[in-house]
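As structure tokens, the structure follows; a few thoughts come after it.
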């Protein structure tokens with residue numbers, strides 16, 4: 065039943081007029097203002113959205129990518145460097161590089177000590193690398209060997225990661241260091257062929273566009289991967305066996321004579337290829353720690369010196385070319401000295417009358433000067449210039465010097481005289497070796513190549529063939545009995561060459577007890593196949609003449625090289641073992 069009282073309860077009504085706020089009338093302009101403000105706000109939002117999505121889309125896309133997208137470089141595999149027979153001189157191997165996110169690494173982690181040990185790094189140094197927690201990336205160590213990298217991965221330390229890179233290895237080590245050179249941790253060439261042919265060997269890196277999370281982990285790829293293009297292999301003219309023999313014999317000579325250093329160059333007289341270019345002291349390009357300038361310097365190309373008596377054959381050849389003399393023409397060299405412009409030039413021993421051939425054989429300064437003073441300075445200068453002196457060798461090596469050959473117009477008579485026997489100009493050992501291709505190639509100076517080139521070289525004729533052959537026979541006399549370099553003789557092969565010994569320049573004068581000793585020669589004599597040049601700097605063990613210091617290195621290098629090249633012996637007798645050597649004048 066319903067409650068009658070409830071049905072009779074009066075209903076309540078709201079009296080709006082009782083509230084002043086509700087009773088007041090809102091102005092029309094206020095409502096319009098609010099509506100207009102809302103409309104403007106929506107218009108602003110729409111305009112901003114249009115700017116972000118349409119007009120400024122590129123900018124905001126770029127800013128967004130900066131915060132989460134990364135382009136990872138995919139390194140190309142650097143091309144190999146091979147010798148002329150395809151043996152490895154330099155190659156790339158996989159090497160992991162260790163990096164970290166410092167804020168994620170527990171500095172008190174007990175395995176950090178093991179990590180430092182594997183990295184061959186003191187623990188305090190490792191912790192110092194990990195100390196800056198504001199960084200999200202720090203290299204711990206680059207190019208770690210693969211076995212070590214696997215042990216580091218097994219430690220499973222949070223915040224320690226690995227990145228795959230390539231590391232160069234040099235199988236020939238010290239022997240070919242100055243030829244091949246080396247790269248840095250970024251795989252860019254720093255010395256030698258690695259630097260000279262860096263662009264060619266490097267190839268072209270690829271790329272991978274990815275999205276990373278805050279920990280640097282790849283979430284997904286956002287673009288097609290651009291694969292790297294590996295660098296092509298480079299085949300040099302160097303013969304690794306000849307290179308090793310030359311380096312080994314040079315090293316032994318430097319140590320035997322307690323010298324400061326030395327260089328050796330071996331050229332193929334048929335193709336102009338560099339078969340060996342060795343220097344000592346050297347360095348191990350696989351372990352470059354605490355290297356000095358003495359070790360890095362490519363002495364055969366960067367060091368210039370007064371070539372001394374090695375210039376005398378060029379004067380004899382020019383005299384023959386001009387028709388002034390014949391090999392048998394006598395020249396009076398008594399009393400063993402000559403005075404020009406108030407200065408006296410002497411021989412080491414008085415010889416009396418010598419033929420032109422004997423002048424070269426015993427290395428007479430007086431005989432050479434007498435021939436030179438019948439020539440004009442211009443003729444001498446042109447001959448030297450045609451032989452490549454005073455000009456930078458056409459090799460890609462950095463640091464190759466041009467030497468010094470002053471203009472002939474400034475020569476005084478005494479300067480012309482001294483230049484005839486190699487004083488007053490300068491050249492590198494490499495320039496001397498190339499210049500002697502003139503005598504090996506019947507008067508033709510040939511271009512030199514560091515890359516393999518089996519085709520015979522074509523050069524520029526400096527002397528007539530007959531005159532060049534005549535001088536070559538004179539060079540053979542210099543290595544025979546009574547010559548300045550009998551120790552250059554080689555078992556089974558005929559040789560010829562010229563010694564050189566010179567005081568070292570110090571400032572504007574010459575040192576009284578410091579010398580450079582060298583020998584430049586050709587083998588075999590009748591059909592030359594190689595030119596070998598050897599220089600020993602500051603021998604300090606009692607002897608310093610080129611015939612005693614450098615010639616034996618020439619002999620051993622020639623014998624090994626011709627055997628490697630398969631050249632048949634042209635002599636059936638052993639060289640004479642002589643106890644005395646004619647001292648050359650210098």
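Residue numbers (the numbering used here): 65 to 650. The beta carbon of each residue, even a glycine, is placed where N, CA and C say it ideally should be.
According to the Cβ coordinates, are residue 509 and residue 526 closer than 8 Å? yes
* Asked: Can we say the region 347 to 355 touches the region 234 to 251, given the rule of at least three CB pairs closer than 8 Å?
  -> yes
Q | Top-ranked residue by Cα proximity to residue 327, from 462, 333, 317 and 121 | A | 317
Status (buried if at least 16 other CB within 10 Å, exposed otherwise) for residue 106 | exposed
task: From the DSSP output, read off the bridge partner residues of residue 653.
output: Nothing in the structure corresponds to residue 653, since the chain is present only between 65 and 650.
**OP:** Express the C-alpha separation of residue 591 and residue 293 in angstroms, rounding to a whole number.
**Re:** 45 Å
Return the chain-ordered list of same chain residues with a C-beta closer than 6 Å to the C-beta of residue 632, the five sequence neighbours on each side being excluded.
none
Segment contact flag, the region 452 to 466 with the region 427 to 441, C-beta cutoff 8 Å, min 3 pairs: no
| message | As an exercise, report each continuous beta strand (DSSP E) stretch of at least 3 residues that is fully enclosed by the region 337 to 407, in chain order. | response | 338 to 344, 394 to 396 and 401 to 404
With distances taken Cα to Cα, identify the nearest neighbour of residue 701 among 558, 614 and 594. Here the chain has residues from 65 to 650 only, and residue 701 is not among them.
Q: Determine, using beta-carbon pairs with one atom in the region 405 to 424 and one in the region 476 to 488, whether at least three such pairs fall under 8 Å.
A: yes
- Task: Whole angstroms is fine: what's the gap from residue 620's alpha carbon to residue 627's?
- Result: 11 Å
Thinking just about the alpha-carbon of each residue, which of 194, 240 and 143 is nearest to the one in residue 341?
-> 240
Exercise. Measure the alpha-carbon distance for residue 673 versus residue 558 and round it to whole angstroms.
Key: Look at the range of the chain in this structure, 65 to 650, and you will see that residue 673 is not part of it.
| request: Give the straight-line distance between the Cα atoms of residue 314 and residue 265, rounded to the nearest whole angstrom. | output: 30 Å
First and last residue of the alpha helix (DSSP H) that includes residue 632?
Neither: residue 632 is in no alpha helix (DSSP H) and is coded neither H nor E.
Would you check if there are 3 or more beta carbon pairs closer than 8 Å linking the region 549 to 566 to the region 610 to 618?
yes
Q. How long is the line joining the alpha carbons of residue 98 and residue 110, rounded to whole angstroms?
A. 18 Å
Based on the DSSP secondary-structure assignment, which residues constitute the bridge partners of residue 599?
-> 327 and 582
- [ ] Identify every run of the beta strand (DSSP E) within the region 536 to 570, keeping only runs that are complete inside it and at least 3 residues long; order them along the chain.
- [x] 560 to 570
Indicate the three-state DSSP secondary structure (helix, strand or coil) for residue 315 in the structure shown. helix
* Asked: Can you tell me the Cα-Cα spacing of residue 643 and residue 611, whole angstroms?
  -> For residue 643, the predicted model reports a pLDDT of 45, less than 50, meaning its position is unreliable and no value from the coordinates is stated.
For this session: Determine the contact status of residue 385 and residue 262, defining contact as a CB-CB distance below 8 Å.
Result: no
(Q) Given the structure, does residue 344 come close to the ligand COA, in the sense that its CB is under 7 Å from one of the ligand's heavy atoms? (A) This structure does not include the ligand COA; it has no bound ligands of any sort.
message: Quick check on the DSSP output: the alpha helix (DSSP H) that includes residue 442 runs from which residue to which?
response: 441 to 450
(message) For residue 115, count the other beta carbons within 10 Å of its own beta carbon; 16 or more makes it buried, fewer makes it exposed. Which is it?
(response) exposed
Q. Straight-line CA distance for residue 588 to residue 630?
A. 12 Å
- Expressed to the nearest angstrom, what Euclidean distance is found between the alpha-carbon atoms of residue 237 and residue 196? 38 Å
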